[in-house]
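Comments concern the structure below.
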Amino acid sequence: MNRESALAVTRRLIEHVVADTTDLAEAPWVEPAENYLDPEVWEREREQFFFESPQAIGFAGDIANPGTFITTEVMGKPVVVTRDKEGALRAFLNVCTHRGARVAEGCGKAARLVCRFHGWNYELDGRLAGRGRSQDFEPVPLPTGLQQLPVSDRGGVIMLGVRPEMGQLRVEHAIDDILPAFEGYEFAKMQLVGSDRFEVDANWKLVTNLSHEGYHFATLHRDSLAPMMTGHGAADEFGLHTRWAFPFRGIENLRDKDESEWPSYPYAAVNHTLFPGTVIVANEGNAQMIRVEPGDEPGKSVVYFSSVGVPSVDGEVSDADRGTYEFGRNIFEREDLPAAAECQHGIAAREQPVVIGRNEVVVQMWHRRWRDKLD
Ligand code: FES
Ligand SMILES: [Fe+2]
121 MNRESALAVT RRLIEHVVAD TTDLAEAPWV EPAENYLDPE VWEREREQFF
171 FESPQAIGFA GDIANPGTFI TTEVMGKPVV VTRDKEGALR AFLNVCTHRG
221 ARVAEGCGKA ARLVCRFHGW NYELDGRLAG RGRSQDFEPV PLPTGLQQLP
271 VSDRGGVIML GVRPEMGQLR VEHAIDDILP AFEGYEFAKM QLVGSDRFEV
321 DANWKLVTNL SHEGYHFATL HRDSLAPMMT GHGAADEFGL HTRWAFPFRG
371 IENLRDKDES EWPSYPYAAV NHTLFPGTVI VANEGNAQMI RVEPGDEPGK
421 SVVYFSSVGV PSVDGEVSDA DRGTYEFGRN IFEREDLPAA AECQHGIAAR
471 EQPVVIGRNE VVVQMWHRRW RDKLD
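Residue 153 in the numbering used here sits at position 33 of the sequence shown, and the numbers go up by one each step.
In structure tokens:
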């Protein structure tokens, strides 16, 4: 965020800490239990929010240099993103047009993508470059190039459409409203520090909501996060997307200094959530992404957790950035995810609505969005 916004957020957080308040919703919210349990609701969410909406899948720094690629899975589909020699960003299904094996593994630098099964190889722009005994495959009236997907890296965030018919424009403009909030963060320079994939026995909304309130810090994270952070939060909406900042302990000491001496980034964690449920925690010099997808049934989800940092001049990731990644990942895996799974189990047992407090304002913002956006 720019300096002016950073100062404004800092002022709000200091006020909240001093008065022991937080941003509030107008009233408590009641969410029907079926929204965590019903296969029909879940299926519509999968379709409309995940297959038919652009998804944030990484940071531009993951694929900064010409001739590089990254791979991932999006809604169970293998995906490869490339930066060709001219610097153009492209995305494809990571599926060979011969028999369907993958054409790339992991990430790295490559002149071409090569399928390890029979060796068909592809330019980074997706065109078939070569195959053994090519004459034996002609004539076959099928496309030979990789199936292209719409992709964009505006604001340093890689946005992808998992279905080609979503169209490039839709993907390119998906996060327009929140782009100003990303100003100043160097996502395009940050390199991968580490990544994990978790399978969780909880509805994707419960998992996404883990990153939406600090009400649980003093209890669930009493010995881990709470000594460092407080649950006083400042919440903002940017069209479909949201931002929620919560302070490091001691932020109120900034009152002893003139605002001109305040840091350019808030002394706080700043969580941005991009529709439908990817959280970007942005800090000066590093960032984390928590991408949550529905799993195989309403009570299951898949989480991709990754961390990036601006490397030092010799290209190395710093120990501090590695430490930030491990600290965040461990708390998330050991404390947050088990809590979400417990809630899912409990909601299924009780089948009563779930109450969301005024103090859980970002949780409410998201339930309102999900409700309003579902046809
Ligand atoms: S499946 Fe890729 S070359 Fe055969
Ligand atoms: Fe948490």
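A virtual CB, placed ideally from N, CA and C, is assigned to each residue, including glycine.
Reduced DSSP secondary structure (H/G/I, E/B, other) of residue i
i	result
lysine 229	strand
glutamate 243	coil
glutamine 168	helix
lysine 420	coil
histidine 361	strand
leucine 157	helix
histidine 547	Absent from the structure is residue 547, since the part of the chain shown begins at 121 and ends at 495.
proline 259	coil
valine 482	helix
isoleucine 278	strand
arginine 470	helix
lysine 309	coil
glutamine 267	coil
Proximity of residue i and residue j at Cβ, strictly below 8 Å
i	j	result
leucine 326	alanine 153	no
aspartate 204	glycine 353	no
alanine 388	phenylalanine 366	yes
alanine 301	methionine 485	no
valine 423	histidine 332	no
glycine 265	arginine 247	yes
threonine 130	proline 386	yes
asparagine 444	serine 426	In the sequence as presented, asparagine is not what sits at residue 444; that position holds threonine. No, the pair does not count as a contact, with Cβ atoms beyond the cut-off.
proline 174	arginine 290	yes
valine 137	threonine 339	no
Nearest-angstrom Cα separation, counted from residue j out to residue i
i	j	result
serine 125	asparagine 155	35 Å
histidine 341	isoleucine 451	8 Å
alanine 346	alanine 128	24 Å
glutamine 472	valine 199	39 Å
isoleucine 467	valine 474	8 Å
histidine 293	glutamine 255	43 Å
aspartate 456	leucine 330	7 Å
glutamate 163	isoleucine 278	25 Å
glutamine 267	serine 380	52 Å
arginine 411	lysine 420	14 Å
glycine 448	glycine 196	25 Å
phenylalanine 395	arginine 363	12 Å
phenylalanine 212	valine 201	6 Å
valine 234	isoleucine 371	52 Å
proline 259	glycine 250	16 Å
glycine 285	alanine 322	Checking the sequence, you will find glutamate at residue 285 rather than glycine. One C-alpha to the other measures close to 30 Å.
alanine 224	aspartate 356	39 Å
phenylalanine 429	arginine 470	One point to set straight first is that residue 429 is glycine, not phenylalanine, in the sequence displayed. Using only the alpha carbons, I get a separation of about 43 Å.
arginine 442	phenylalanine 368	19 Å
valine 313	phenylalanine 257	43 Å
aspartate 245	arginine 210	7 Å
arginine 317	glutamate 446	14 Å
Closer than 8 Å to chain D by CB, residue i
i	result
aspartate 158	Any reference to chain D falls outside this structure, which holds one protein chain only.
Quiz item: Can at least three beta-carbon pairs, one atom from the stretch 176 to 189 and one from the stretch 433 to 451, be found at a separation below 8 Å?
Solution: Verdict: no, contact absent.
Exercise. Count the C-beta pairs between the stretch 294 to 309 and the stretch 188 to 196 that are closer than 8 Å, then say yes if the count reaches three, no if not.
Key: Contact between the stretch 294 to 309 and the stretch 188 to 196 is absent, because fewer than three Cβ pairs lie under 8 Å.
Self-check item: Neighbourhood of ligand 1 [Cβ distance below 5 Å to any heavy atom], ordered by chain position
Solution: So the residues near ligand 1 by this Cβ test are Cys216, His218, Arg219, Ala221, Cys235, Phe237, His238, Trp240.
Exercise. Indicate whether the contact test is met: 3 or more Cβ pairs, each with one atom in the stretch 395 to 406 and one in the stretch 167 to 177, closer than 8 Å.
Key: Yes, the stretch 395 to 406 is in contact with the stretch 167 to 177.
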